[in-house]
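Going down the list, the sequences are from chains A and B. With our numbering, the residue at position 107 of the first sequence is 107, and numbering never jumps. With our numbering, the residue at position 28 of the second sequence is 1028, and numbering never jumps. Quick reminder that beta carbons are idealized off the backbone N, C-alpha and C, glycines included.
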Amino acid sequence: SQQGEEDPQALSIQEGENATMNCSYKTSINNLQWYRQNSGRGLVHLILIRSNEREKHSGRLRVTLDTSKKSSSLLITASRAADTASYFCATDAGGNQFYFGTGTSLTVIP
Amino acid sequence: SAVISQKPSRDICQRGTSLTIQCQVDSQVTMMFWYRQQPGQSLTLIATANQGSEATYESGFVIDKFPISRPNLTFSTLTVSNMSPEDSSIYLCSAHLRTEAFFGQGTRLTVV
């Protein structure tokens, strides 16, 4: 399977703390994206990082990509209760399909 | 960006019946994708729906169980046929625009 692995599976933090989740994948990619899903609803795109980029920022989000280790991390700084959701990485290897990771369930405690 | 309207948002169905899920995209897209997501799990691709041709099914999914229609570039349906409790899941449709995937709101299906 080309599905990525994410860790941790679940993460619980206090509001204001930073949350870090990691994604590992198996094949060469064109880009890697992170998505957010609120309680079984549709996924919402957060950020895309291309294979030739190492780090990218968007608001409170910071994404890193290490293609030599086939891994990426998503950092959410100064977390809020509203950040509570599941987060998925998705890889695009240039075909039509995206491969989604196993997901990290984040709970931010007010 | 793209907006995908998916319905129904949820349904409770009797075993042995069928449910058709609809997705409408506000842009023309070449491919649409149908996923299943078990509670607490990742997304599993069921099939890719191409306009004007048969859908392409992933291993473990067959057309008789999950027939798909794609009559035009903005619309697709997925039918879950002869349902059993094991089909209880969230079903999601998706379309790609450039490098980004857009999703419908999901259909939460419970089979009793």
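In the DSSP output, which residue or residues are listed as bridge partners for residue i?
i	result
I1063/B	Beta-bridge pairing links I1063/B to no other residue.
M21/A	L74/A
T1079/B	T1020/B
S105/A	A10/A, S86/A
Q1037/B	L1043/B, I1090/B
K1007/B	Q1022/B
T64/A	E55/A, S73/A
A81/A	None; A81/A has no bridge partner.
Whole-angstrom Cβ separation of residue i and residue j, contact assumed at under 8 Å?
i	j	result
L1073/B	Q1028/B	4 Å
P1085/B	R1015/B	7 Å
N22/A	T77/A	Contact flag wrong, Cβ pair sits at about 16 Å.
F98/A	A1055/B	So it is not a contact: roughly 17 Å between Cβ atoms.
W34/A	L65/A	Not confirmed; about 11 Å, so no contact.
T91/A	L46/A	Going by Cβ atoms, the distance from T91/A to L46/A rounds to 15 Å, so no, they are not a contact pair.
Are the Cβ atoms of residue i and residue j separated by less than 8 Å?
i	j	result
C1023/B	G1104/B	yes
M1032/B	S1094/B	yes
C89/A	G16/A	no
V1080/B	L1019/B	yes
K70/A	Y25/A	yes
T1107/B	S1009/B	yes
V108/A	T84/A	yes
Q9/A	T104/A	yes
Measure the alpha-carbon distance for residue i versus residue j and round it to whole angstroms.
i	j	result
M1083/B	L11/A	35 Å
L48/A	G94/A	14 Å
V44/A	S86/A	11 Å
L61/A	S1001/B	20 Å
L106/A	G42/A	16 Å
Q37/A	S28/A	25 Å
K1065/B	D1087/B	10 Å
I1004/B	V1025/B	4 Å
S1059/B	S72/A	28 Å
E53/A	V1112/B	48 Å
L1109/B	D1011/B	5 Å
Does chain E have any CB closer than 8 Å to the CB of residue i?
i	result
L48/A	In summary, chain E is missing from the structure at hand, where the protein chains are A and B.
**Study point:** Meets three-Cβ-pair contact criterion under 8 Å: the segment 1058-1073 of chain B and the segment 1031-1050 of chain B
**Key:** The segment 1058-1073 of chain B is in contact with the segment 1031-1050 of chain B.
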